[in-house]
Each structure stands twice: as C-alpha cells, then as structure tokens.
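Each residue of the sequence shown is one higher than the one before, counting from 32 in our numbering.
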Amino acid sequence: MNELCDLKVHINGHHTLLLHQSVMCAFSGRLRTMVTQEKKKRKTSREESLSVKLADFPGGGEGFELVARFCYNNGRVPLCPSNLPLLHCAAVFLEMTEEVCTCNLLTQAEAFVDGLYYWTWADVLAAVKGCEPLAAAADASGLLERLISALFSKITANPETPVAAGAVGTPNRSSSSCSSSPDTLGFGRSSSTKTPESMKPCFAREWWFDDMTSLCPQTIEKAMRVLGCYGIENKNLILTRFLLHYLRAATRRPALCREGGGGGGGGGGLAGLADTAVHGVALVGGTAFSCRGLFWVLRIVSAVGLSKECRHKLERLMGLMLDQATLDDLLVSGDDGGVYDVNLVMRLVRVFVGSEEEADLPSQRMRKVGRLVDKYLGEISPDHGLRVSKFLAVAESLPDSARECYDGVYRALDIYLEAHPTLTIEERTTLCRCLNYEKLTLEACKDLAKNRRIPPGIAVQALASQQSKLQIRPAAAAAKGTGGGRPDPSQTPRKIIVSGSRARSVDLDAMDEKELLKLNLQKMQNRVVELERACKEMRGQMSKMAKGGRPSSSFGAAACHQTGGRGLPRLC
Numbered sequence: 032m033n034e035l036c037d038l039k040v041h042i043n044g045h046h047t048l049l050l051h052q053s054v055m056c057a058f059s060g061r062l063r064t065m066v067t068q069e070k071k072k073r074k075t076s077r078e079e080s081l082s083v084k085l086a087d088f089p090g091g092g093e094g095f096e097l098v099a100r101f102c103y104n105n106g107r108v109p110l111c112p113s114n115l116p117l118l119h120c121a122a123v124f125l126e127m128t129e130e131v132c133t134c135n136l137l138t139q140a141e142a143f144v145d146g147l148y149y150w151t152w153a154d155v156l157a158a159v160k161g162c163e164p165l166a167a168a169a170d171a172s173g174l175l176e177r178l179i180s181a182l183f184s185k186i187t188a189n190p191e192t193p194v195a196a197g198a199v200g201t202p203n204r205s206s207s208s209c210s211s212s213p214d215t216l217g218f219g220r221s222s223s224t225k226t227p228e229s230m231k232p233c234f235a236r237e238w239w240f241d242d243m244t245s246l247c248p249q250t251i252e253k254a255m256r257v258l259g260c261y262g263i264e265n266k267n268l269i270l271t272r273f274l275l276h277y278l279r280a281a282t283r284r285p286a287l288c289r290e291g292g293g294g295g296g297g298g299g300g301l302a303g304l305a306d307t308a309v310h311g312v313a314l315v316g317g318t319a320f321s322c323r324g325l326f327w328v329l330r331i332v333s334a335v336g337l338s339k340e341c342r343h344k345l346e347r348l349m350g351l352m353l354d355q356a357t358l359d360d361l362l363v364s365g366d367d368g369g370v371y372d373v374n375l376v377m378r379l380v381r382v383f384v385g386s387e388e389e390a391d392l393p394s395q396r397m398r399k400v401g402r403l404v405d406k407y408l409g410e411i412s413p414d415h416g417l418r419v420s421k422f423l424a425v426a427e428s429l430p431d432s433a434r435e436c437y438d439g440v441y442r443a444l445d446i447y448l449e450a451h452p453t454l455t456i457e458e459r460t461t462l463c464r465c466l467n468y469e470k471l472t473l474e475a476c477k478d479l480a481k482n483r484r485i486p487p488g489i490a491v492q493a494l495a496s497q498q499s500k501l502q503i504r505p506a507a508a509a510a511k512g513t514g515g516g517r518p519d520p521s522q523t524p525r526k527i528i529v530s531g532s533r534a535r536s537v538d539l540d541a542m543d544e545k546e547l548l549k550l551n552l553q554k555m556q557n558r559v560v561e562l563e564r565a566c567k568e569m570r571g572q573m574s575k576m577a578k579g580g581r582p583s584s585s586f587g588a589a590a591c592h593q594t595g596g597r598g599l600p601r602l603c
C-alpha cells in the first residue's frame with residue numbers, strides 16, 4: 032500500500048498507531064463513526080490526516096495491533112484459545128460485526144467459541160486465564176461465563192481423569208454444553224453430602240484442583256457465581272473442598288493474596304471465597320470434617336480474612352466437637368501479642384460447656400475436655416505475654432465438675448509462676464484461686480506446701496482442706512481389730528507424744544497412711560503459726576530499732592531470744 036497513513040489512533044493514552052482510514056473503517060463500525068464525526072467537526076477533506084482516541088480498549092496497544100493485522104490481512108487471523116479472549120473483546124469494542132463487513136472478526140470469534148465442545152481441558156483453561164486481563168470486557172460480553180461453563184462441563188464429563196492435552200474427540204454434548212445451567216453441570220445447589228465423594232477427607236483433592244489454582248480470585252468468584260454456589264448459597268462439598276485447596280495455595284503466594292484483597296470484611300476476593308467455603312463446611316459439619324479438619328479449615332480461612340458471622344459459625348461447629356480435639360489442634364498461633372490464640376480456645380470451651388449445661392451429671396465428654404484444657408494450660412504457661420487474667424480465664428472456663436483432679440491445673444500454675452518471677456504476692460494469691468484444694472492428690476498437696484512460689488497463706492488453706500478431707504477410721508473398724516477379747520501384752524501398741532499446743536499420745540501401729548499424713552500436716556501448721564508469730568515480732572523489733580537507733584546486730588539476737596534461741600522455724 033503506497034498511500035500515506037491518514038489515521039492516527041491513540042490507545043488508552045499510552046500507545047499510538049498510524050494506520051489507513053480505508054482499511055480500518057472497512058471492518059470497524061466504531062472507527063467509521065468516529066472518523067465521520069471528526070470529519071464533520073473539522074470540515075476537512077478525505078485526504079487530511081485524522082486523529083482519534085480510544086479509551087479503555089481491551090488489550091491495550093498489543094490487542095489493537097492484533098486487530099490491525101486482521102484488517103490489513105483482508106479479514107484473516109489465526110484464532111487459538113490463548114488469543115480468543117483478546118480478539119473477541121476487541122471485536123465487540125470496535126463493533127466489528129456483520130453489518131459492517133461480512134465474515135467479520137466478531138463472527139469468526141463466535142464461530143470459534145462454538146467449537147468449545149472439541150477443546151481440550153488445557154485449551155479451555157488457557158482461554159479462561161486469557162480473560163483475566165480483560166475481566167470487565169469478557170464478563171460484559173458473556174464470553175467468560177461461557178468459558179467457565181465449558182470448563183466445569185469438562186470436569187463433570189471426566190470426573191476421574193483430565194482430558195488428555197491435545198486429544199480431540201466428540202464429547203457428550205448433553206453434559207459438556209457450555210450453555211448448560213449450573214444444575215446440569217453437577218455442581219448445582221443440591222447438597223452432595225450423601226454421595227460417596229462426601230466421605231473423602233477434607234484435604235483430599237480432585238485432579239483439577241491444582242490446575243484451577245492458577246486462576247485469579249476474581250475468576251474463581253465468577254465461577255462460583257455462575258454455578259450458583261457463592262456465599263451462603265454454597266451447598267456443594269466438592270466445591271467447598273476446592274475452595275479450601277485454592278485458599279491454602281493462595282496463602283503460599285503473597286502476590287495472589289495482595290491481588291485477592293484478603294480483608295476481613297468478607298466483601299469479595301479471597302475473603303469472599305473464605306466465607307463461601309465456611310458456609311459449605313457449616314452445612315456438612317461433622318459429616319465430612321473431623322475436629323482436626325475444622326481446625327485446619329480455621330487456619331486456612333483466617334490467613335486470608337473471614338467475616339465475623341462466618342467465624343462464629345465455624346467456631347460453634349468446632350466447639351461442639353471439642354472433645355475430639357487434641358493438644359496440637361488447640362495450639363493456634365496468636366495475633367494479639369501472645370504466642371497462642373488463647374481467646375479462641377476460651378470461645379470454643381464456652382460453646383462446649385453451653386451445649387453440656389443441660390446434663391445433670393458431668394459426662395465423659397466434659398471430663399475429657401477438662402483434661403485437654405489442663406494440658407493446654409501447661410503448654411501456654413511459659414508464655415511471657417500471657418497475663419494473669421487470661422490464665423485464670425482459661426483455668427476457670429470449665430465448671431468444677433469437669434475435673435476429677437486438679438493436679439494438672441496445679442502443675443500449669445507452678446510453670447506459670449516459674450516463668451513469671453516478678454509477680455506480686457497479691458497476683459500469686461489471685462492465681463491460686465483457680466485451684467480446688469480438696470481435689471488435689473496427696474502428692475500434689477505436699478509439693479504445694481513446699482513450693483516457695485506459693486504464698487504461705489495458700490499453703491495453709493490447702494493443708495487445711497486436705498485435713499478436713501481425711502477421715503479417721505470408723506470406730507467399728509477399730510473394734511473389729513480388738514476382737515472383743517483380752518488384749519495380748521505382746522501386742523501392746525506403742526505410743527508417742529505429739530508436741531504442740533495440744534500434746535497427746537498417738538498409736539503408731541493403729542495409724543494408716545492418711546492418719547500419718549494428718550499428723551504431719553498438723554506439725555506443719557504449727558510451724559507456719561510459729562513462722563507468722565516470729566515475723567510479727569521481727570517487724571516490732573525493726574520498728575523499735577528505727578526509733579531508738581539501736582545497733583542492727585541486736586536484731587538477730589532479739590529475734591533468736593524471742594523464738595526460744597533456736598532461730599526461725601522453717602516451713603518444711
């Protein structure tokens with residue numbers, strides 16, 4: 032073509048192409064209209080160069096160049112699944128229809144789309160992916176919906192294995208039609224919880240899961256809407272499992288997380304997909320997801336964002352199955368400065384306790400959760416960011432009847448006190464509020480009495496509770512031991528004198544282990560009383576020294592004299 036270029040086209044403000052009016056206007060109705068209007072505006076002759084601007088052109092300069100080649104090649108261009116979205120959207124934008132020219136670009140693109148029945152899985156997937164840069168135009172023209180329908184038609188037509196790349200056959204049009212409704216694609220609104228697929232583990236994957244993870248979140252959202260399974264309408268287990276697989280892959284791709292939004296509002300992007308997945312999980316509940324599986328779901332959806340409503344729905348489902356959880360399940364990373372998400376565990380325990388409140392007696396499930404919470408307390412106790420109030424909240428989240436023994440709570444308390452040595456005496460006393468001294472074993476109570484981190488007053492209370500729990504053997508048992516006859520002098524019981532405020536003789540042979548412990552506890556109580564008395568006297572001596580200016584060396588002698596010359600008594 033020897034003529035000079037007389038049409039300057041500015042595309043999206045970034046690219047400019049010099050073309051011929053006669054060539055481009057022969058195929059594009061929009062360019063023909065723009066050129067005519069420009070001529071009328073300028074009142075110029077045909078030979079003068081004109082300039083037009085195209086804004087929001089799909090594909091930018093690269094797409095328009097491809098359209099120009101079609102025009103300069105007398106309406107011929109090689110079509111393939113990868114360039115179909117761009118050419119189709121450009122043809123719609125430029126109005127390259129049959130009214131302008133026979134066998135125009137839009138007609139050829141539509142004819143190519145009609146051949147979706149013969150495309151392979153890889154071809155359809157490539158076409159769907161090609162629509163992503165042109166999402167708005169492809170969606171407006173209906174091309175994206177047709178390709179998505181064809182994509183899932185391939186899945187339902189080949190549920191076990193993918194269509195071989197490059198294989199071209201004649202599939203069943205009744206199941207593969209791209210114009211089929213979502214219900215006929217096998218991913219409709221009806222629940223599939225009673226099908227064999229529903230019994231697969233929550234982390235199982237279909238053959239197409241990995242291929243679909245290459246699509247952007249907006250495309251996946253569009254696919255769920257096309258299938259009628261977006262948001263609260265999601266009632267399909269297979270699609271729920273796919274969404275969880277997709278979200279898990281998205282958490283490993285930071286660029287995809289940024290592209291998908293990931294905010295906590297649940298408005299769209301990854302957050303909207305997370306809400307959709309949770310709705311599907313809540314529908315099937317424990318039928319397809321174990322308690323560990325639900326914790327797995329929570330970790331995935333929390334990483335991309337989740338609405339409060341969906342979080343509450345998921346946590347309630349988890350709380351009802353808390354007796355099936357393990358310690359590893361509860362160790363969820365925290366996001367409020369702590370190592371673990373303690374608030375989550377407290378909410379789950381609250382849900383479980385609420386479901387068990389109607390029971391008159393503590394069930395085995397409740398006691399199992401009690402043992403689990405005790406283990407959790409022991410695991411989180413070394414966390415320096417764990418506040419006293421939070422520790423108490425976890426320990427007291429269960430009713431007293433949930434624990435047959437409080438040794439686990441005491442061990443966790445001891446670990447917490449060791450990891451937080453700067454706690455005041457008031458804080459340590461407050462912490463011990465979570466203990467039921469009567470449900471401590473003898474060994475735990477002995478250790479508590481000797482524990483320097485436990486306030487002395489708490490040790491006295493624990494010892495007093497143990498003493499009240501111990502009962503002297505009934506008189507009938509003692510009478511049975513005598514046999515009603517004359518006692519044998521050789522079997523005369525040995526006696527000792529117990530020192531203290533109430534001296535009395537004790538029969539060592541008649542004592543059992545509990546009575547011996549009772550005796551030791553009484554001795555320890557007497558020593559604690561002496562310790563408190565000595566401390567009181569020492570405080571008095573110190574106040575006198577401060578007033579009279581007596582030498583400090585007399586403080587130790589005076590204290591020793593007041594306590595009988597044997598120094599301060601030890602607690603144990």
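Note that the Cβ used here is the ideal one computed from N, Cα and C, for glycine as well.
Report all residues from its chain with a CB closer than 8 Å to the CB of residue i; omit the five preceding and five following residues, and keep chain order.
| i | result |
| --- | --- |
| Gln497 | Tyr468, Glu469, Leu471, Leu473, Cys476, Leu548, Leu552 |
| Asp360 | Cys322, Arg323, Phe326 |
| His46 | Gly91, Gly92, Phe95 |
| Ser113 | Ala157, Ala158, Gly161 |
| Arg100 | Val108 |
What residues in its chain sit with their C-beta under 6 Å from that of residue i, if we drop five residues either side in the sequence?
| i | result |
| --- | --- |
| Ser82 | Lys39 |
| Gly197 | Since pLDDT at Gly197 reaches only 37, below the 50 mark, its modelled position is unreliable, and no value is offered. |
| Leu337 | Ala305 |
| Ser428 | Met377, Val380 |
| Asp438 | Thr472, Ala475 |
| Gly365 | Tyr371, Asp372 |
| Glu607 | The requested residue 607 does not occur in the structure, where the chain is confined to residues 32 to 603. |
| Tyr261 | Met255, Thr307 |
Output the boundary residues of the alpha helix (DSSP H) element that contains residue i.
| i | result |
| --- | --- |
| Leu314 | 300–315 |
| Cys111 | Segment: none, Cys111 is in no alpha helix (DSSP H) and carries neither H nor E. |
| Pro248 | 248–257 |
| Ile485 | Neither: Ile485 is in no alpha helix (DSSP H) and is coded neither H nor E. |
| Lys266 | Per DSSP, Lys266 belongs to no alpha helix (DSSP H) and is neither H nor E. |
| Cys436 | Neither: Cys436 is in no alpha helix (DSSP H) and is coded neither H nor E. |
| Cys341 | 339–351 |
| Tyr103 | 91–103 |
| Thr151 | Unbroken run through Thr151: none, as it is neither H nor E. |
| Cys322 | 322–335 |
| Val404 | 395–411 |
| Leu175 | 174–188 |
| Met243 | 240–243 |
Per DSSP, residue i forms a beta bridge with which residues?
| i | result |
| --- | --- |
| Val83 | Val40 |
| Ser364 | Tyr371 |
State the Cα-Cα distance for the pair residue i and residue j, rounded to the nearest angstrom.
| i | j | result |
| --- | --- | --- |
| Ala308 | Lys339 | 14 Å |
| Lys185 | Leu329 | 31 Å |
| Arg418 | Lys481 | 25 Å |
| Phe422 | Gly173 | 57 Å |
| Lys266 | Arg342 | 18 Å |
| Ser394 | Asn189 | 48 Å |
| Lys160 | Leu246 | 6 Å |
| Ser53 | Ile251 | 42 Å |
| Gly301 | Ala281 | The residue you asked about is not Gly; residue 301 is Leu in the sequence shown. Leu301 and Ala281: Cα-Cα distance of roughly 8 Å. |
| Arg442 | Ile485 | 12 Å |
| Leu479 | Leu466 | 11 Å |
| Thr67 | Pro89 | 23 Å |
| Leu375 | Asp431 | 21 Å |
| Leu182 | Val155 | 6 Å |
| Ala140 | Arg284 | 34 Å |
| Cys111 | Leu175 | 16 Å |
| Thr133 | Cys102 | 13 Å |
| His119 | Leu97 | 11 Å |
| Leu268 | Ala313 | 10 Å |
| Phe383 | Val400 | 9 Å |
| Thr271 | Ala86 | 39 Å |
| Leu49 | Asn43 | 15 Å |
Would you mind reading off the limits of the beta strand (DSSP E) that contains residue i?
| i | result |
| --- | --- |
| Thr47 | 46–50 |
Report all residues from its chain with a CB closer than 7 Å to the CB of residue i; omit the five preceding and five following residues, and keep chain order.
| i | result |
| --- | --- |
| Thr128 | Gly60, Asn135, Leu137 |
Please confirm if the segment 47–58 is in contact with the segment 90–108, defined as three or more CB-CB distances below 8 Å between the two stretches. Yes, the segment 47–58 is in contact with the segment 90–108.
If contact is defined by three or more beta carbon pairs under 8 Å, each pair taking one atom from either stretch, is the segment 347–367 in contact with the segment 315–323? At 8 Å Cβ cutoff, the stretches touch.
Does the pairing of the segment 371–384 with the segment 408–417 give three or more beta-carbon distances under 8 Å? The segment 371–384 vs the segment 408–417: in contact.
Is it the case that the segment 133–152 contacts the segment 163–170, given that we only count it when at least three CB pairs across the two stretches are under 8 Å? Pairwise C-beta distances place the segment 163–170 out of contact with the segment 133–152, as fewer than three of them are shorter than 8 Å.
Would you call the segment 487–494 in contact with the segment 554–561, where contact means no fewer than 3 C-beta pairs closer than 8 Å? Note that the segment 487–494 touches the segment 554–561; at least 3 beta-carbon pairs, one per stretch, sit closer than 8 Å.
Three or more C-beta pairs under 8 Å: does that hold for the segment 239–247 against the segment 265–279? Touching, per the Cβ criterion.
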